[in-house]
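Shown next, in structure tokens, is the structure this report addresses.
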Amino acid sequence: MLSILEYNSFLLSPLIASSAPLVAYPIPGTAAPVSRGPEKFIGHESGMEPTGDTRTKFQIRYYMFAPVPVILDVETVFPHPWATSFNELGIFASIEAFTSVTIPVVGSVYAWRKGALEWSQRTNISGFIMVLGTIP
Numbered sequence: 001m002l003s004i005l006e007y008n009s010f011l012l013s014p015l016i017a018s019s020a021p022l023v024a025y026p027i028p029g030t031a032a033p034v035s036r037g038p039e040k041f042i043g044h045e046s047g048m049e050p051t052g053d054t055r056t057k058f059q060i061r062y063y064m065f066a067p068v069p070v071i072l073d074v075e076t077v078f079p080h081p082w083a084t085s086f087n088e089l090g091i092f093a094s095i096e097a098f099t100s101v102t103i104p105v106v107g108s109v110y111a112w113r114k115g116a117l118e119w120s121q122r123t124n125i126s127g128f129i130m131v132l133g134t135i136p
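The sequence shown begins at 1 in the UniProt record's numbering and counts up by one.
Spelled out as structure tokens, the structure:
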């Protein structure tokens, strides 16, 4: 009969996993320097002061273009594990893998033919017409 002592490592793992973030969470607050003053509120990522309204309109093409790299990543990553275990898989699994790769490839070709991968040269951002790569 199994005793609870045989499960010590199994019971200890969740305890360690839940205590590690609790121990690590206060460290940055105590070790980081505290800065006060107006310099703290300066934008540091772009180096430019934020101006204008925060409710700017984004064009729909940003949201239409976003899934395309994800599809291309899946097309690139998925065939590797399938190819490494090709000998162990049967014909049915090979057909399933081929179908799983074919669907995004057909979708990518369709998107390419419809022009979803094309980014227009002229972009209208907040009422200003810019040519990509140059400053008007």
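We treat Cβ as the ideally placed atom computed from N, Cα and C, and that holds for glycine.
Can you tell me where the alpha helix (DSSP H) with ILE95 in it begins and where it stops?
Translated into positions along the sequence shown, residue 95 becomes position 95. First-last of the alpha helix (DSSP H) with ILE95: 91 to 114.
Quick one: Cα of LEU22 to Cα of LEU5, how far?
In the sequence shown, counting from the first residue as 1, residue 22 sits at position 22. In the sequence shown, counting from the first residue as 1, residue 5 sits at position 5. Roughly 26 angstroms separates the two Cα atoms.
Given this structure, state the Cα-to-Cα distance separating PHE78 from PRO67, to the nearest angstrom.
Within the sequence shown, the letter at position 78 stands for residue 78. Within the sequence shown, the letter at position 67 stands for residue 67. If you take the alpha carbons of PHE78 and PRO67, they lie about 16 angstroms apart.
Would you mind giving the Cβ-Cβ distance between GLU75 and SER35, rounded to the nearest angstrom? I have them listed as a contact below 8 angstroms.
Counting from one through the sequence shown, the residue named residue 75 turns up at place 75. Counting from one through the sequence shown, the residue named residue 35 turns up at place 35. Contact doesn't hold; Cβ gap of about 46 angstroms is too wide.
What are the boundary residues of the alpha helix (DSSP H) that includes PHE10?
As a first step, residue 10 is located in the sequence shown; it is residue number 10 there, counting from the start. DSSP places PHE10 inside the alpha helix (DSSP H), whose first and last residues are 8 to 24.
So the alpha helix (DSSP H) GLU75 belongs to, where does it begin and stop?
Taking the first residue of the sequence shown as position 1, residue 75 is located at position 75. That run of the alpha helix (DSSP H) goes 67 to 77.
Where PRO38 sits in the DSSP three-state scheme
Residue mapping note: residue 38 aligns to position 38 of the sequence shown, counting from 1. Reduced to three states, the DSSP call for PRO38 is helix.
Taking the C-alpha atoms as reference points, what is the distance between THR102 and ILE91?
Against the sequence shown, residue 102 aligns to sequence position 102. Against the sequence shown, residue 91 aligns to sequence position 91. Computed Cα separation, rounded: 16 angstroms.
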